[in-house]
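**Q** What follows is a structure written as structure tokens; I'll ask about it next.
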Amino acid sequence: MRQFLIDWVSDIFGSGLFSSVESILNWNPSSGEFTTVWGIICNVYENVCVPIGMGLVLIYFMVNVIEKSTQQQSIDVEHIIKLLLKLFIGLYLIEHGLEIMASIYSLSFGLVKGIAGLQSDDAAYGGPGNDVVAAIWKQLTGEDINKDVKWGVLDVFSKFIPVFFQLILPWIFTLIMKIVVYFVCYTRLIEFYLKTAAAPIALSDFFTEGVHSNGWKFVKGYIATALQAGIIMLAVVVFNGIAGGIMNGGVAGILDIGYMLFTIKYLALGIATIGVMLKSLSLAKELVGVN
Numbered sequence: 017m018r019q020f021l022i023d024w025v026s027d028i029f030g031s032g033l034f035s036s037v038e039s040i041l042n043w044n045p046s047s048g049e050f051t052t053v054w055g056i057i058c059n060v061y062e063n064v065c066v067p068i069g070m071g072l073v074l075i076y077f078m079v080n081v082i083e084k085s086t087q088q089q090s091i092d093v094e095h096i097i098k099l100l101l102k103l104f105i106g107l108y109l110i111e112h113g114l115e116i117m118a119s120i121y122s123l124s125f126g127l128v129k130g131i132a133g134l135q136s137d138d139a140a141y142g143g144p145g146n147d148v149v150a151a152i153w154k155q156l157t158g159e160d161i162n163k164d165v166k167w168g169v170l171d172v173f174s175k176f177i178p179v180f181f182q183l184i185l186p187w188i189f190t191l192i193m194k195i196v197v198y199f200v201c202y203t204r205l206i207e208f209y210l211k212t213a214a215a216p217i218a219l220s221d222f223f224t225e226g227v228h229s230n231g232w233k234f235v236k237g238y239i240a241t242a243l244q245a246g247i248i249m250l251a252v253v254v255f256n257g258i259a260g261g262i263m264n265g266g267v268a269g270i271l272d273i274g275y276m277l278f279t280i281k282y283l284a285l286g287i288a289t290i291g292v293m294l295k296s297l298s299l300a301k302e303l304v305g306v307n
């Protein structure tokens, strides 16, 4: 009974809520269980989108040549060299776009690791679960959490059942939060795959207008996808810090009004954190200046 209570309360108030976020954000999209889908993305990139991107680059190049020739009576060697240089840059970006995009995405790994390292070992993902379960166990048995107690049938009905009904609602909310966390992280991963596969088409006009092109906007949006991981991880760090602050007053017991207030605050904090996660991509786009 003791271990069941520890596991259940820890799942609600402890490491269960956001402990998996770092590992999810650090998934390598080109290895492990994602090897198959990465192979599909590479095939789409090389066999479908690269030819389209190359064709668009040549079309933009021809349009540039026609515009220069109509605006001027003659095109000197300098203009021709500049146009050819832009063409080669455009073709290079298309040819090596997969490596460039993967390098940008890999920046998120270091970002997540650095932010996660800001937490102390005791605070990281721990949440206040240990304190809550210790207070509950103390009220139910009068013993320290480290000491197990034998439960009779009467004890289960008279003591544990009320605890069960007190914890069931927070557990349901926590389960919903977990689903949303996975939803956000999987959405980011799928968006990465789609953007990577379509990169040649998006980058095809990069050489025409430089930093004012749609290709540059695409790159900034891609950088925002990488930064999104850092924002999600930072939200988790802030969540753990605030949750620890909420717990400073202590929890007298499962039926105590202080516990009820703490539970309301804790769940509200979790919902607010989920809200930030859902907005993480738009926040990242604001950082890089993408509308």
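Going by this note's numbering, the first residue of the sequence shown is number 17, and it counts up by one from there.
Glycine included, C-beta positions come from ideal geometry on N, C-alpha and C.
Just so we're clear, the structure is a prediction, and the values are computed from it rather than from any experiment.
By the three-class DSSP mapping on this structure, what secondary structure does ASN80 have?
**A** helix
**Q** Buried or exposed: where does ASP221 fall if 16 or more other Cβ atoms within 10 Å of its Cβ makes it buried?
**A** buried
**Q** For SER10 versus GLY246, is the C-beta spacing smaller than 8 Å?
**A** One cannot answer for residue 10 here, as it falls past the ends of the chain, which runs 17 to 307.
**Q** Tell me whether the beta-carbon of VAL73 lies closer than 8 Å to the beta-carbon of LEU101.
**A** no
**Q** So the candidates are ILE290, GLY48, TYR61 and GLU225; which of them puts its Cα closest to the Cα of CYS201?
**A** ILE290
**Q** Can you tell me whether PRO216 is helix, strand or coil according to DSSP?
**A** helix
**Q** When you compare the CB positions of ALA240 and LYS301, do they come within less than 8 Å of one another, or not?
**A** yes
**Q** Using a Cβ-Cβ cutoff of less than 6 Å, which residues in the same chain neighbour ILE68 once the five nearest sequence positions on both sides are dropped?
**A** ILE217
**Q** Once the 5 residues before and after CYS58 are set aside, which same chain residues still bring their CB inside 8 Å of it?
**A** LEU114
**Q** Determine the contact status of GLY305 and LYS236, defining contact as a CB-CB distance below 8 Å.
**A** Closer than 8 Å, so yes.
**Q** Using a Cβ-Cβ cut-off of 8 Å (strictly less than) and excluding sequence neighbours within five positions of LEU303, which residues of its own chain qualify?
**A** If we look at LEU303 and ignore the five residues flanking it on each side, its Cβ neighbours are ALA240 and LEU243.
**Q** Specify, as a first and last residue, the run of the alpha helix (DSSP H) that SER124 falls within.
**A** 113–132
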